[in-house]
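Protein chains: 2
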Amino acid sequence: MKKRNVWMAMLMMPLMALATEVSSPNGNVKLKFYLDEDGRPTYELTYKERTVVLPSHLGLELAKDKHASMGMEETDLMEGFRIVDEQATEQDETWQPVWGESRDIRNHYTEYAATLSRQWRSAPPKAKPGMQLQPRQHDRRIVVRFRVYDEGIGLRYEFPQQPDLNYFLIQEERTEFAMAGDHTAWWLPGDYDTQEQETQQTKLSEIRSRMKEAVNWGNSSVAVFSETGVQTSLQMKTDDGLYINIHEAACMDYATMHLELVDAQTTALTTKLMGSSNAYTPAPKPSPYPLPRPFTFVSHLTPDATGLKGCMQTPCQTPWRTVMVSDDARDMLSSNLILNLNEPCALDDVSWIHPTKYCGVWWEMIVGKSSWHYTDDFPSIYLDNIDWQKVKPNGRHAANNEKVKRYIDFAAKNGLDEVLVEGWNIGWEDWACMWKADVFDFVTPYPDFDIKYLNDYAHSRGVKLMMHHETSSSVTNYERHLEKAYQLMNDYGYDAVKSGYVGDIIPRGDYHYSQSMNNHYLYVLQEAAKHHIMVNAHEATRPTGLCRTWPNLVGNESARGTEYEAFYGSKPSHTVTLPFTRFQGGPMDYTPGVLETRLENWSENKHIVHTTVVGQLALYVVMCSPLQMAADLPQNYEKFDDAFQFIRDVALDWDDSRYIDAEPGEYITVARKAKGTDNWFIGGKCNEKGHKVDVKLDFLDKGRKYEAIIYADAKDANYETNPAAYTITKKTVKQGDVLKMTEAPGGGFAISIKPL
Amino acid sequence: MKKRNVWMAMLMMPLMALATEVSSPNGNVKLKFYLDEDGRPTYELTYKERTVVLPSHLGLELAKDKHASMGMEETDLMEGFRIVDEQATEQDETWQPVWGESRDIRNHYTEYAATLSRQWRSAPPKAKPGMQLQPRQHDRRIVVRFRVYDEGIGLRYEFPQQPDLNYFLIQEERTEFAMAGDHTAWWLPGDYDTQEQETQQTKLSEIRSRMKEAVNWGNSSVAVFSETGVQTSLQMKTDDGLYINIHEAACMDYATMHLELVDAQTTALTTKLMGSSNAYTPAPKPSPYPLPRPFTFVSHLTPDATGLKGCMQTPCQTPWRTVMVSDDARDMLSSNLILNLNEPCALDDVSWIHPTKYCGVWWEMIVGKSSWHYTDDFPSIYLDNIDWQKVKPNGRHAANNEKVKRYIDFAAKNGLDEVLVEGWNIGWEDWACMWKADVFDFVTPYPDFDIKYLNDYAHSRGVKLMMHHETSSSVTNYERHLEKAYQLMNDYGYDAVKSGYVGDIIPRGDYHYSQSMNNHYLYVLQEAAKHHIMVNAHEATRPTGLCRTWPNLVGNESARGTEYEAFYGSKPSHTVTLPFTRFQGGPMDYTPGVLETRLENWSENKHIVHTTVVGQLALYVVMCSPLQMAADLPQNYEKFDDAFQFIRDVALDWDDSRYIDAEPGEYITVARKAKGTDNWFIGGKCNEKGHKVDVKLDFLDKGRKYEAIIYADAKDANYETNPAAYTITKKTVKQGDVLKMTEAPGGGFAISIKPL
C-alpha cells in the first residue's frame, strides 16, 4: 500500500466555523467538513463543482440505560463538539479479490479523520443515601473518518476506548444525507425484515404518496416503519444527469441502516401497514434539527426487540456510510467503493472457495408442481415423534433418490458443478410461519433421500450435492444444530450450503436486519469457514461487501429473486435495476436461466417469467456472481438445448469487466473476460421498452481472431407475446469490430467470444 | 403402577350446571368441577369440608397473530365450552428418586379429566381478491386434568392435536385461585427475572400497600409487573389454621407463572417500580370475570420480548398448577406432590450422579476481600485482543494456583468431594451489566490458573474441581460455547458445573422466567447429561420439580442465598421460610456453613450473618439438597473445627425424613436417615424469637444403642450479640428418648446419631 501524507493539521483550539475541504485523488469529488455554530459535525459534498450533498449533520442519539450510565449521566453524541485533531492522507493500493469482476482492484482515496471532543460537567450530585457522586469534568471523543474517492465517499464514526465511553446504547444514528433536489429514485419500502419488494421509481417528493401501493405490491413487505422510509442501496438520478447512490459498507456488529426522508408529515405507520404483526414498532422521530432542506434523508437503524438500535463496546466503529456519485451511470456499476471500504480477506487458505454453477431440485416446488414436504398426514409434527419409515408419502415429494439422480446426471452431462436439493431433510410438513422453534434438525433425511448413496453417486460423476439449510428463521434452533450440520456436510462431501431465513425471527421480536441478527449471519459464516464451507444465505441481511473479508460468502438473496416470477411476477425493468442497487453489496443468487418462461407449459402455474429466453441468458453476465444457478428443469433445458449452450459455456469469475452502456431500470450492457483465459462473455439486458446498442469489441487482443456465438432476440421477440423467438449465430470477430445488437421488449442478448 | 377405574362417565350431552365431585384417596381433599352458565370451566376445593378455593375459573386468552390464525379467526379458550367426556381413575404407585428426602415416594391420587369442546361458526368471508373463505363449523377441544391428592391438587390444561388447534399463541393464562379469606401470606414481589428478594409476611389485603417497601428491600427486584403480583410457591395460612401453598410443577416449554391478586385497584407499576430498565413491561389486565371474591389470584405468565406469553404446538399441555393444603404445617414440607406431578427420570444411566459436598473459592470474593477478575488495567476488554501473559495482575485475583491448592488440600483433609473455583476463566474484567454479548468463552483460564495441573493435583488427592460457568445472562454466547465448554470439563475430569445468569438476558428483551429461557435451561441440562455433567444453575428459572425427570439438576439458586448476608443481610426468619416456598420446586444451593458470622473479623465487610454458628450447622439438615457447600474459608473453619465436625459428618442423601415440628417463618425441626446407613441427622432452626422443641427419638431402631453428638446454642447465644456461643455434647440414646432442645434467637441445633 502506498501511503502519503497530503495534508496535516493539529490544532488544539476549536475550529468552529472553519471548514476543512478534502478532494478526491482526481479532484472530481470534494468534501467539506466543519462544526456548525452548535458544535454539530456537518459535511457537504460536490462532484465536479455540482452539489451532491447539502450541509448535513452527523451524530448519534444515545439511550439512557441503567447499565450503561454506571453512575454517569448519558449525553448524546450530537452537538457541543470541538475539533481537537485532524489527519489527512492519500492511500493507493491494489488488491486481488478471491473472486469477482476483475483480477485487480485499485483502492485509491484521500482519507480525512477529525477527532471531536465533547466536554461537559456532570450535574451536581443529588443526595442519595450511600452515594457520593461528585460533579466531574467529562470528555468524550469520537472520530469521524472520511474516505474520498473519485466516485464518492465513505464516512464512519469511530469510538476509541476512553474513560468516559466504554459501553453505550444507540437510540438512533442521525446521519443526514441532504439531497440538493427532487431527484428520481429507485427505492424499496424501508423494512426491518425483507427487501423482496419490487423497486419503485419516483421523484423523492412522491415517496410518501407511493408508499401504500409500494408496500402492497406483491405482498412482500413485513415490517415497514415509516411512510417515507426506504432501503439502501438507494439509486438516484438528478434532473441534470448526476447519478447518486447511498448505501453502506462493512456492516458488522451493527444494525442495518435504512433512510428516512424527514419532512413535516413524518409519522409512524406502525401496525397499520404492518398487518397484524405482533412485533414492536417504535415510532420514528423527526430529525431534531429540521432545516429548510426538503429532500433530506436521515439514517434509521433496525431496532432490537426492545426498540434499541445498538449496543456498543469501545473501541468500535459504525459501518461506512457511502455516497457514490458520477455523471456516468456505468460508474455506479463498475465502482469498487463498497468492497474497498471492507476489510481485507480474513481467511489464510481460500483454496477451497470456487465459482459454482449449479442446478437443483427447487424450481418445480416454487412453481407448485411438487413439494418440499414428504407427507400430508399430519397437521403438525414433532421431529422426534414420527417414524418416517411408516408415514404415508404424499407422492409429490421432489427430493427423492430417483429425481436427484436425474439432476446429477444432468449436471454431469452439462458441466455443472453442483446439484442443490431442497426438501431433503425432515420437518417441512409445518415449517413456516408457525413460530415453531424446533423446526428442523438439519441432519435427518426423509426416507426417500439416501444421503450416502446420492453423494457417492454424484462424486462418481464428478458432481457435488449442494446442502440446503432452511432455518425458518428459528435462529436459536439453527445455532444449536450448526456444528453437527456442518460436520454432516464434511462427512458426505458437501462444500456449499444454501441457507434460508423465511418468516419471522425466533427469538421473537428480533428482526432480520438487527445488530444481533447481523452478528448471527457472520457467526454462521465464520463457523462455515472453519469447515471449508461456502455459504449462500437467502432472506438474510442486506449485503454490504463483507464477501471481501469472508469470500466464502459466495451468494445472498436479499432481493426479489426469480422465484417471484412464479408468485406475482416482476417487471422487466427489475433485472436492470438490481445491479444498481442490490448488487452494490455483493453477489446475488438470482437463480436465472428459466428458459421455459411460460410456466403453464409444464405446470398448473399461470404466471410467466418477464423476460425473453435470451434475456435469461444475458443475466449470467449482467448479474455478476461466482455462484449461478441454472434454475430451470432438465426437461425444459432439453427443449432449448441450443440456447442452453450459453449457460454451459459462461464463466463465473473474471479478470476484467467493461460496462458498455447502462441506465438504471432501462438497460445494462457489459463485457467480461473469464478469469485466466482469453474468453469474453457479453451480456445485454433491457426493460420492457427494448434497447439497441453498438458493442465495440475494442477490448479484444489486437491482431487476434475470435469466434463469437451470438444469442439474440428474434425480430418479433417479446417477453409477453413471443419470448422463445431467438437466433443463434456464429461469426469471426476481431478487435474494433462493432456488433449492432437489438434487444426485444423484456429481452437482451448474450455473446460468447473465444480466440480461434 | 396400580391403576384402578374408580368412576367413569361418558356423556355426549352438555353437562352445564352439573358439578362433578372428586375426592382424594383418603377423602380429605374434595374437588368440584363444572361449567358455569357461560360455559366457563370452574373448580372449587375443600379440605376436611373447609373451603380452600372458592369457585374459580379456568381458561386461556389467545393472541391474534398473522401466523396462528392461518385464515381462521382466533377464539379464546375461556368460555362457551361444553363437556364431552369425563374420565376418573385412582392411581397408586411408588417410585425411587435418584436422590432426595426419602428412598421411596408414594404417588397416590384420584385423577379426573374433563374434555371440553368449544364450537363456533367462522364469520362470513369478506370479499378478498383470490381468497374464498367459506363459513365453517369449528370445534376446539381441550382437556382439563386434575390429580387430587390427600394434601392438595394439581391441575393442568392439555391441548390434543386437532384440525382446529395446531398452533396458538397465549396472550395470558387465566387460572384463578380464589382464596376464602384474608390469609396470612409469605410472598415475594412478582418479578420476571429474579426471586432473590426477602420474603414478606402480610395479610393478602396488605400486599398492595407493602409492595413498594417489598420491592425496595435489599434492592433485588428487577422486573416487577404489578402492585399485587407475587411469586410462587406462595405459602399461606388461614386464620383458622389451614396451610395452603400455590405453586406449579413440571414447567417445561412454558413461561413461569406468577400470581396477581386482582382487585379494583389493579394497575400497572410499569417502569416506576422497575427503575430505568429498557425492558418492555406490558400492563396487566384485570380479570375479565370480576366476581365478589376479594382475595382472588389470577395466573400471570412471564412474557417474551414482544409481550406474548407462550407459543404452543399441539399436542401439548401447561405445567401443573398446584394447591397444597393441610391443617399440619409439616405436611407442607413432607409432601412430594410437586415431584409426583413431574415426569419420571428421563435418563437411563444415573450412575454418574452423586451427592456432592464442596468448598470453594467464592465467599472471599462475595465478601469483597478478593476479586474474580485478574487485572484492573482495562476499562473494558475484548477476549481475543489481550495477551493475558503480559497484563498486570491486580494482586487480588483469588482463583490462583496457590490458593486453589490450599482449598484442594482442605477438601481432601475434610472429606469434601469437590472444590468450586469461580473467576478461573478470562472475561471477568467487565462481565456484568454492560449488555456485553461475547463476555466469556468458558474455556480459557487466567494465566495464574493452571487448569491441567490443578485438576491433576485434585484428583491425586481424591478430590474433583467443580466448574464454574458465569454466563452474564448472555445466553446466545453461552449456547455457542456450550459444547466446547462441556468437552473441556470431560477432558479435565470435571463432573459438575455451577452456572450463573447474572444480569439482563441477551437476547435483549427476554426475561429469566420466559418460555424461551425455560427452554434454554432445559437444553443446557440435557446437553450436560450427554456429557455426564451435574448442573447447579444460579439466577436461573424458578424450580418446579424437574430434578425428578433430570436428576443431574442437583441444585439451583433461585432465591436469596447466603451471599446476601454479605450485601444487605437476610432476616433470621428467612431460612425457616425457604423450605415452605423455594424448596417446593427442588433443592437449593443455599451455601450454608458460614461459621465466622462476623465478617469484619477477617475482612472489611461490616455485615453479619443472621444466625448463630449452630444455626448454620442446622441448615444442612433443614435445607435438603444433594449438593451442599461448606461456604466459609478454610482458615475460618480452623477456628471452629469442633463445630465443623458436623459439616464433615452430615449426609446429603436420605432414606427417610421425619418432620418433627414446623411453622412458616418460625421454626423447622427435621430428622433424616442417611441413605444406605443407620445414621440419623437432626436439624432444628428458628427465627429471631428462638424456639424450644422436644425431639422424641421414636424413629430409632428398637433395642439399639446410638451415640448422639449434639451441637446446641449456648444459653446466652444470640445471632446478633453472641453467635459463637455453642456447646457440643455426646450422649448415648435409644428409641423413645426425648432430647429437649433450646434454640437461641437466630439459632438452632444439629445432632448426628450413629449406632454404637
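Sequences listed follow chains R and Y, in order.
Position one of the first sequence corresponds to residue 391 (the numbering used here), numbered consecutively onward.
Position one of the second sequence corresponds to residue 391 (the numbering used here), numbered consecutively onward.
Note that beta-carbon positions come from the ideal geometry of N, C-alpha and C, so glycine has one too.
The structure displayed is predicted, hence computed values, not measured ones.
Determine the DSSP secondary structure at residue i, reduced to helix, strand or coil.
i, result
"I728/R", "helix"
"A1033/R", "helix"
"M714/Y", "strand"
"E427/Y", "coil"
"K1130/Y", "strand"
"D774/R", "helix"
"H928/R", "strand"
"D1173/Y", "There is simply no residue 1173/Y to check, as chain Y begins at 391 and stops at 1146 in what is shown."
"Q1125/Y", "coil"
"E588/R", "coil"
"H447/R", "strand"
"A409/Y", "coil"
"Q509/R", "strand"
"G1136/Y", "coil"
"P678/R", "Low confidence applies to P678/R: its pLDDT is 49, below 50, so where it sits in the model is not reliable, and the reading given next is rough at best. Coil at P678/R, not helix or strand."
"F830/R", "coil"
"D738/R", "coil"
"Y1109/R", "coil"
"S761/R", "strand"
Quick one: list the residues of chain R neighbouring residue i, beta-carbon separation under 8 Å, in chain order.
i, result
"N790/Y", "None at all; the shortest Cβ gap to chain R is about 27 Å."
"C1014/Y", "By Cβ distance, chain R contributes nothing, its closest Cβ being about 34 Å from C1014/Y, past 8 Å."
"T704/Y", "S770"
CB-CB under 8 Å to residue i, same chain, minus the five flanking residues each way: which ones, in chain order?
i, result
"S906/Y", "D694, D900"
"E501/Y", "Q477, A478, T479, E480, Q481, R535, F536, R537, V538"
Once the 5 residues before and after residue i are set aside, which same chain residues still bring their CB inside 7 Å of it?
i, result
"S960/Y", "E588, R950, Y954, H1000"
"S492/Y", "W1044, D1045, D1046, S1047"
"L659/Y", "With a pLDDT of only 33 at L659/Y, under the threshold of 50, the placement of this residue in the model should not be trusted; the figure read from the coordinates follows. The residues are V614, F615, S616, E617."
"H849/Y", "G883"
Residues of chain R with a CB under 7 Å from the CB of residue i: which are they?
i, result
"N556/Y", "P769, S770"
"S1185/Y", "The structure shown does not extend to residue 1185/Y, since chain Y is modelled only from 391 to 1146, so the question has no answer here."
Under 8 Å Cβ-Cβ, which residues of chain Y neighbour residue i?
i, result
"R870/R", "E869, Y913"
"P553/R", "P769"
"E873/R", "E873"
For residue i, which residues in chain Y fall below 9 Å Cβ to Cβ?
i, result
"C701/R", "M824, W825, K826, A827, I896, R898"
For residue i, collect the residues of the same chain with a Cβ closer than 6 Å to its Cβ; drop the 5 residues on either side in sequence, then sort them by chain order.
i, result
"I636/R", "F567, T622, L624, V713"
"N668/R", "Its pLDDT being 30, under 50, N668/R is placed unreliably by the model, and nothing is read from it."
"R530/Y", "R508, D554, L555"
"L1129/R", "V1085"
"K422/Y", "A409, E411, E434"
Mind pulling the chain R residues with CB within less than 9 Å of residue i?
i, result
"S610/Y", "The contacting residues do not exist; S610/Y stays about 14 Å from chain R at best."
Discussion item. What are the residues in the segment 814-832 of chain R lying within 8 Å of chain Y by C-beta distance?
Written reply: When CB distances to chain Y are screened at a threshold of 8 Å, the residues of the segment 814-832 of chain R falling below it are D820, C823, M824, W825, K826, A827, in chain order.
Discussion item. Is it the case that the segment 887-899 of chain Y contacts the segment 837-848 of chain Y, given that we only count it when at least three CB pairs across the two stretches are under 8 Å?
Written reply: Not touching, per the Cβ criterion.
Practice prompt. Spell out a yes or no on whether the segment 540-553 of chain Y and the segment 699-715 of chain Y are touching, meaning 3 or more CB-CB pairs, one atom from each, closer than 8 Å.
Written response: By the criterion of at least three beta-carbon pairs nearer than 8 Å, the segment 540-553 of chain Y is in contact with the segment 699-715 of chain Y.
Practice prompt. Evaluate the contact criterion for the segment 967-985 of chain R versus the segment 1015-1030 of chain R: three or more CB pairs, one atom per stretch, below 8 Å.
Written response: Short answer: they touch.
Item to complete: Could you say if the segment 807-814 of chain Y and the segment 1030-1037 of chain Y meet the contact criterion of at least three C-beta pairs nearer than 8 Å?
Response: Cβ pair count under 8 Å is below three, so no.
Discussion item. With three or more C-beta pairs closer than 8 Å as the rule, is the segment 683-692 of chain Y touching the segment 757-771 of chain R?
Written reply: By the C-beta criterion, the segment 757-771 of chain R is judged not to be in contact with the segment 683-692 of chain Y, since fewer than 3 inter-stretch pairs fall below 8 Å.
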